[in-house]
Amino acid sequence: MQRRTFLRSTAVAALTAVPLTTTLAKSATAADIPVDSLAKLQSAINGAAPGDRIVVADGTYTVPSGSAITISGKHGTSDAPITIVAKSRGGVVLRGSNSFVLSNSSNITLSGFAFRQSTQMKIPPNCSSVRLTRNDFQFADTGDKDWVVVQANNSKIDRNHFHNKTTPGIFLIVDGPGSTDMAQDVHIFKNLFSDHSYAGTNGGESVRIGFSGRALSPAKAIVEHNLFERANGDPEAISVKSSNNTVRYNTIRNSRGGIVLRHGNRNRVEGNYLIGGQEGIRLYGNDHVIVNNYLSGLTKTALVIGSGSTRDHNPDETETERRGNDAVDRAVIAHNSLLNNAKHLEGENKSDRTHEPRDVTIADNLLVGNSGSLVTLYDHSGFTWRTNMLWGSAANGNIPTSGFTRADPKLVQGPDGVLRLSSASPAIGAASPVNPGVTDDIDGDQRGSTRDIGADEYATTPALRHPLTTADVGPNAS
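Count along the sequence shown from 1, add 18, and you get the number used in our numbering.
Structure (structure tokens):
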């Protein structure tokens, strides 16, 4: 097969000082406003108009204790945002307790800064359309435990590097106003999250979308094309605790954490690579779609269909009840490849989670392994099983005989290390005629009317998507 290749590297790309004069578009009437002190920066912000670019001279700026760079009551437009940008990417280092503090503002872009502050950066709910792009975040570990909190609708967090945290806390949180609502339509893409090394059992996620009290609120966040390396602060690198979100095309490599739908309903997890780490994908809640994911070389369980301490969460339950697990109902798990993991497809057998998953569809998945059982579910009554393919010396487990075939899928390893179907694979064209709602595969190849089993659709053309490297993400990404 002819496939696009990539260079495998675990080295974090250095944040180099790159001029930003052509990086961010501006209108023909916009003004470039150069500043070289915090006082001049604040004055320029106070007088900024739509389309203005405030260009901060390179250097290290320490914001005095009790002070901040305030952006209050400032409004750009969607075509002409107010942009505050470092003269060269990574060339402006902001130290001190605070940096930018926003309120009642919209269409604001902050770009190219190296944030070294000790308190949390918040985009509050009275803002909207705020963009953080091409920044480097490494806050002081002795400060607030959570670094960036997004509460504003239509925010964009892209091409940043969040890295080197050793204490409890989360790199990036999305929540919303009050205690139950969520910010709407937040887009998180092309970021590098690396080296969260908190060694505790809980509380060191890289990204969290929501919280238990916000579980039933739709957020419509999209988390895509991000790379997670050594995301070791928590079993959940991406923790979803709200509804109607999409997690797609991300790569999690050499990490303790996986993707966990901890609370919420109607979330979609699609086209992600989880390679060479510990945790895979774990889900609770209703009506989730888990498709086209590649889970390989994981030392724990590749895919867990969770049981619940309650059947369904509801708006009237107590805070304590909401923190419990909501059993999986009506999930669709299809066209995933689970390859050579320590454990494969499993349920949960815990005394405090007596509500078993129900009405789950498991179709067109490829499971290959040489240890344990490929399927271990404790109660799968009401499940629908269709045309899964199993292989390897691992036992079949308790999958119904009508729900699978056992055949060598004849996989070949590409230069990128990914195992894909060879031209001789019996998985080609063998998927169920019932389409679970996929139009392409993990590589971006079209599925067509006759689909292949697993995450990969056999093709001889170059892949459009691939496992991400540090060259694809972060401040210097395209």
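No residue lacks a Cβ here, since even glycine has one placed at the ideal position from N, Cα and C.
{"Item": "Burial state of Val452, where buried means 16 or more other Cβ atoms lie within 10 Å", "Value": "exposed"}
{"Item": "Endpoints, the beta strand (DSSP E) within which Leu59 is located", "Value": "That residue, Leu59, is in no beta strand (DSSP E); its alpha helix (DSSP H) goes Leu56 to Asn64."}
{"Item": "Leu245 vs Leu486 beta-carbon contact at 8 Å", "Value": "yes"}
{"Item": "8 Å contact criterion, which Asn497 and Val241 should meet: CB distance rounded", "Value": "Within the shown structure, residues of the chain are numbered from 19 to 496, placing residue 497 beyond reach of any answer."}
{"Item": "CB-CB length for Ala237 against Met200, believed under 8 Å", "Value": "4 Å"}
{"Item": "Test item: CB-CB of Ser147 and Ser115 under 8 Å", "Value": "no"}
{"Item": "Continuous beta strand (DSSP E) assignments of at least 3 residues falling wholly in the stretch 312-339", "Value": "312-314 and 319-323"}
{"Item": "Delimiting residues of the beta strand (DSSP E) encompassing Leu150", "Value": "Ser146 to Thr151"}
{"Item": "Which listed residue (Ala449, Gly492 and Ser441) has its alpha carbon closest to that of Thr479", "Value": "Ser441"}
{"Item": "Option in Asn250, Leu384, His484 and Asn153 with minimal Cα separation from Pro433", "Value": "His484"}
{"Item": "Cα-Cα separation between Val73 and Val81, rounded to whole angstroms", "Value": "17 Å"}
{"Item": "Residue interval of the beta strand (DSSP E) (run including Gly228)", "Value": "Val225 to Gly228"}
{"Item": "Contact check, Tyr302 vs Asn354, beta carbons under 8 Å", "Value": "no"}
{"Item": "Those residues which DSSP pairs with Asn171 across a bridge", "Value": "Ser146"}
{"Item": "Beta-carbon gap between His214 and Ser224 smaller than 8 Å", "Value": "yes"}
{"Item": "Whole-angstrom distance between Asn332 and His282, CA atom to CA atom", "Value": "Note on residue identity: the sequence assigns Gly, not His, to residue 282. For Gly282 and Asn332, the distance between alpha carbons rounds to 11 Å."}
{"Item": "Per-residue burial, Asn125 [other beta carbons within 10 Å of its own, 16 or more giving buried]", "Value": "buried"}
{"Item": "DSSP state of Val491 mapped onto helix, strand, coil", "Value": "coil"}
{"Item": "Cβ-based neighbour list, Gly130, same chain, cut-off 6 Å, excluding 5 preceding and 5 following", "Value": "Leu38, Val103, Ala104, Arg107 and Arg152"}
{"Item": "Nearest-angstrom Cα separation, counted from Val456 out to Ala48", "Value": "44 Å"}
{"Item": "Outcome for Thr488 when other beta-carbon atoms lying within 10 angstroms are tallied against a minimum of 16", "Value": "buried"}
{"Item": "With 16 other Cβ atoms within 10 Å as the buried cut-off, status of Arg424", "Value": "exposed"}
{"Item": "Distance CB(Val111)-CB(Ala86) smaller than 8 Å", "Value": "no"}
{"Item": "Beta-carbon contacts of Leu400 that lie in its chain and below 7 Å, excluding the five residues immediately before and after", "Value": "One detail in the question is off: residue 400 reads as Gly in this sequence, not Leu. Around Gly400: Arg376 and Asp377."}
{"Item": "Closest by C-alpha distance to His306, when choosing among Asn272, Gly315, Thr264 and Ser391", "Value": "Thr264"}
{"Item": "Backbone CA spacing between Asn209 and Leu190 [nearest angstrom]", "Value": "11 Å"}
{"Item": "Beta strand (DSSP E) segment containing Gly69, residue limits", "Value": "Careful: Gly69 lies outside any beta strand (DSSP E) and carries neither H nor E."}
{"Item": "Distance between beta carbons of Gly315 and Asn359, contact taken as under 8 Å", "Value": "7 Å"}
{"Item": "Test item: CB-CB of Arg329 and Ala349 under 8 Å", "Value": "no"}
{"Item": "Same chain only: Cβ atoms within 6 Å of Phe207, ignoring 5 sequence neighbours per side", "Value": "Asp176, Glu242 and His243"}
{"Item": "Coarse secondary structure for Ser450, derived from DSSP in three states", "Value": "coil"}
{"Item": "DSSP bridge partner residues for Ile380 (one or two, in chain order)", "Value": "Ile351 and Trp403"}
{"Item": "Asn250 classed as buried or exposed, judged by whether at least 16 other C-beta atoms fall within 10 angstroms", "Value": "buried"}
{"Item": "For Val204, the first and last residue of its enclosing beta strand (DSSP E)", "Value": "Where Val204 is concerned, there is no enclosing beta strand (DSSP E), given that its DSSP letter is neither H nor E."}
{"Item": "Supposed contact pair Gly222 and Gly187 - C-beta distance, whole angstroms, cut 8 Å", "Value": "7 Å"}
{"Item": "Beta-carbon separation (whole angstroms), Asn178 vs Phe155, contact threshold 8 Å", "Value": "6 Å"}
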